[in-house]
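Chains as they are written, first to last, in my numbering: chain U, 5 to 186; chain X, 5 to 186; chain F, 5 to 186; chain A, 5 to 186.
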């Protein structure tokens with residue numbers, strides 16, 4: 005199954021990249037085909053909503069093929085980054101009936117859980133299935149060592165539970181989207 | 005499949021009952037087993053969170069058996085009625101991995117869509133699967149005739165799409181929860 | 005100035021009472037007139053929306069007199085307790101243009117911040133002014149000693165900042181609601 | 005008083021511009037100093053969070069000077085446009101304790117009220133004061149004639165009430181921010 009990881013911020017010095025790499029590693033260890041889809045590679049002028057740009061076409065191919073997705077994103081002002089929203093709004097029907105696991109990142113204590121709530125509503129609007137499980141990375145600047153190894157404890161269990169639920173949904177929904185013929 | 009309709013307000017003179025009866029009829033016409041679960045019948049003292057009351061036990065039996073659910077609720081102050089929230093909070097794991105279609109009711113123009121958003125987050129917290137489709141009943145006091153027949157046009161199509169998506173999810177998730185043995 | 009503290013849960017064994025008592029003490033130390041308004045004392049049958057019950061009348065008198073309010077509430081399923089919502093929905097215009105500081109309580113790590121977000125929207129619907137500052141009580145069961153003394157560190161500073169902002173707003177809005185005549 | 009109107013979408017063919025011009029006209033008629041601040045003029049690479057770009061500096065000057073603001077924005081996937089969020093996230097303390105009136109635009113029936121809810125939480129995070137009143141422009145493509153004149157009825161009253169509340173807050177908060185000395 006192909007379940008990529010969207011890295012939802014493009015900011016210089018972004019800390020969320022470490023969390024995205026951690027989730028990618030966990031996805032690969034779970035036997036999934038995965039990769040990081042970086043919002044930096046899918047920037048469009050906001051005036052373009054034709055869905056015909058090379059970036060939109062390339063993204064549509066990935067989203068159509070995916071069996072589910074993971075989004076790793078920081079919280080800015082209790083919401084999601086604008087560049088992530090612009091990328092999600094480029095497509096619509098390609099996302100339908102696919103599960104999404106949302107991982108929140110914050111410099112403060114709350115792990116991005118308020119962003120997670122707002123983003124869940126956006127994903128539901130696109131007819132995705134948000135998992136109940138989530139992974140949160142509070143105080144991200146202290147959470148990884150210089151080699152990018154996670155120092156936190158709870159994220160390992162959270163990631164395992166998120167991936168189990170995500171794969172469970174991906175299998176159930178794929179079987180209904182694409183019934184097998186004997 | 006058993007997909008009941010929760011009527012989410014207990015207020016005297018509640019208009020949402022008409023919308024709940026409309027959704028019940030649509031569910032029965034779609035071949036579902038259904039009934040109205042009325043929050044009035046599941047009132048608890050708020051001090052009781054033992055989940056051992058007769059009402060909690062009876063509700064748990066219904067929720068465990070259901071393949072999905074429909075909630076019909078008005079919007080009060082942009083949120084959900086307190087009595088609905090108290091009933092939902094009585095249980096937890098029984099709801100997991102079951103689809104829920106939320107129908108909003110309002111006396112004003114916006115059809116309860118703000119309540120729908122808050123309630124979707126509550127349902128996700130209980131690991132339910134909210135449908136992307138929804139039915140909305142704006143200006144409810146003008147929307148039905150004296151015999152309780154819907155005068156509105158758009159709710160028929162909305163109800164059909166909601167039920168299609170709900171049944172699609174119910175089938176997919178049931179197949180994964182309870183795999184058949186040949 | 006009269007700024008009471010609403011205790012937003014009625015559950016048996018509620019931990020939020022400790023947080024409400026802490027906020028009451030801080031309000032009194034700041035020179036405010038305050039008291040705890042307990043949702044347990046304002047329970048109504050949900051069928052009653054006449055606003056003519058003795059409880060509704062007593063609450064209306066307090067709300068009309070108040071210059072602002074503090075709400076201390078746990079998070080249940082990412083939302084607010086039903087009994088709190090029922091109490092808030094009993095009144096409307098009495099709340100208008102008064103500032104509200106919301107304090108979140110949780111047994112887990114996130115301090116009730118998701119409840120805070122939903123409750124802010126309810127307060128805005130009633131035309132209240134939610135403060136930007138907030139106090140959060142994560143892992144409430146470990147946060148106070150047997151005498152009810154706070155063991156946490158960060159809540160003292162949070163409470164000071166919340167009260168400063170609340171009093172700032174209360175003064176500004178009172179001056180506009182009730183202009184002085186020389 | 006200086007209360008400008010932020011136009012929150014940069015998309016080609018944006019319909020929200022008509023709603024923004026309507027709100028600008030209403031603000032001028034109410035005796036306010038106003039202008040449209042167009043997100044198109046404040047696009048930054050998302051990698052830039054230095055707040056030292058010419059656009060950020062120019063925006064900061066306007067936000068510091070403003071006594072309140074109006075935001076007119078469409079709803080995309082139940083949320084706010086990414087380009088609006090990127091512009092709001094460029095600044096922080098300049099917004100504190102200033103009132104904001106949010107106007108929602110939609111091509112469908114619900115007038116952008118779900119976007120309004122998410123954006124209110126973002127504004128509260130920046131310590132702004134969202135008004136309880138709002139103006140909504142549902143089915144925007146049918147709501148103005150070819151000369152940009154509003155055909156809708158309810159928006160006139162909504163705009164009047166929003167401006168009254170916005171000016172009320174602006175006066176109250178300005179008096180507290182900048183006390184007069186006799």
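Don't be surprised by glycine CBs; every beta carbon is placed ideally from N, CA and C. Nothing here was measured: the structure is a model prediction, and the numbers come from that model.
Determine which residues share a DSSP beta bridge with residue i and list them.
i             : result
residue 80/A  : 83/A
residue 107/U : 76/U, 139/U
residue 134/X : 104/X
residue 6/X   : 37/X
residue 148/U : 154/U
residue 11/A  : 42/A, 76/A
Which residue from the options puts its Cα closest to that of residue i?
i             : options                   : result
residue 77/F  : 161/F, 12/F, 63/F         : 12/F
residue 188/F : 120/F, 79/F, 8/F, 108/F   : Look at the range of chain F in this structure, 5 to 186, and you will see that residue 188/F is not part of it.
residue 155/F : 164/F, 142/F, 96/F, 167/F : 142/F
residue 132/X : 174/X, 149/X, 163/X       : 174/X
residue 25/A  : 65/A, 35/A, 88/A, 74/A    : 74/A
residue 145/F : 18/F, 14/F, 106/F         : 18/F
residue 138/A : 58/A, 88/A, 166/A         : 166/A
residue 162/U : 38/U, 16/U, 15/U, 30/U    : 30/U
residue 150/U : 22/U, 15/U, 14/U, 111/U   : 22/U
residue 45/U  : 115/U, 27/U, 57/U, 35/U   : 57/U
residue 10/X  : 108/X, 101/X, 48/X        : 108/X
residue 116/F : 20/F, 49/F, 5/F           : 20/F
residue 47/X  : 134/X, 111/X, 85/X        : 85/X
residue 35/F  : 52/F, 81/F, 16/F, 6/F     : 6/F
residue 83/F  : 129/X, 103/X, 105/X       : 129/X
residue 152/A : 16/A, 15/A, 28/A, 14/A    : 28/A
residue 176/F : 110/A, 127/A, 102/A, 40/A : 102/A
residue 71/A  : 100/A, 80/A, 93/A, 81/A   : 100/A
residue 135/X : 41/X, 147/X, 164/X        : 164/X
residue 110/U : 51/U, 94/U, 147/U         : 147/U
residue 172/A : 179/F, 89/F, 41/F         : 179/F
residue 105/U : 92/U, 170/U, 37/U         : 170/U
Run the CB neighbour count on residue i, radius 10 Å, all protein chains shown included, and call it buried at 16 or more, exposed below.
i             : result
residue 61/U  : exposed
residue 168/A : exposed
residue 158/U : exposed
residue 55/U  : exposed
residue 125/F : buried
residue 183/X : exposed
residue 122/U : buried
residue 32/F  : exposed
residue 97/A  : exposed
residue 87/U  : buried
residue 112/F : exposed
residue 15/F  : buried
residue 79/A  : buried
residue 118/X : buried
residue 160/F : exposed
Looking at chain B, is there any beta carbon in it that lies within less than 8 Å of the beta carbon of residue i?
i             : result
residue 124/A : The structure shown contains no chain B; its protein chains are U, X, F and A.
Within the stretch 20 to 52 of chain X, note down every full alpha helix (DSSP H) run reaching 4 residues or more, in order along the chain. 20 to 33
When Cβ atoms are compared, which residues of the stretch 94 to 121 of chain A fall closer than 7 Å to chain U? none
Give the residues from the stretch 143 to 172 of chain X that approach chain F closer than 8 Å (Cβ to any Cβ), ordered along the chain. none
Using a beta-carbon distance cut-off of less than 8 Å, what residues from the stretch 72 to 84 of chain U approach chain A? 80, 81, 82, 83, 84
Within 7 Å of chain X by C-beta, residues of the stretch 24 to 42 of chain U in sequence order: none
Anything in the stretch 129 to 143 of chain U with a Cβ closer than 9 Å to a Cβ of chain X? List those residues in chain order, please. 129, 130, 131, 132, 133, 134, 135, 136, 137
Contact list for the stretch 46 to 68 of chain U against chain X, Cβ threshold 9 Å: none
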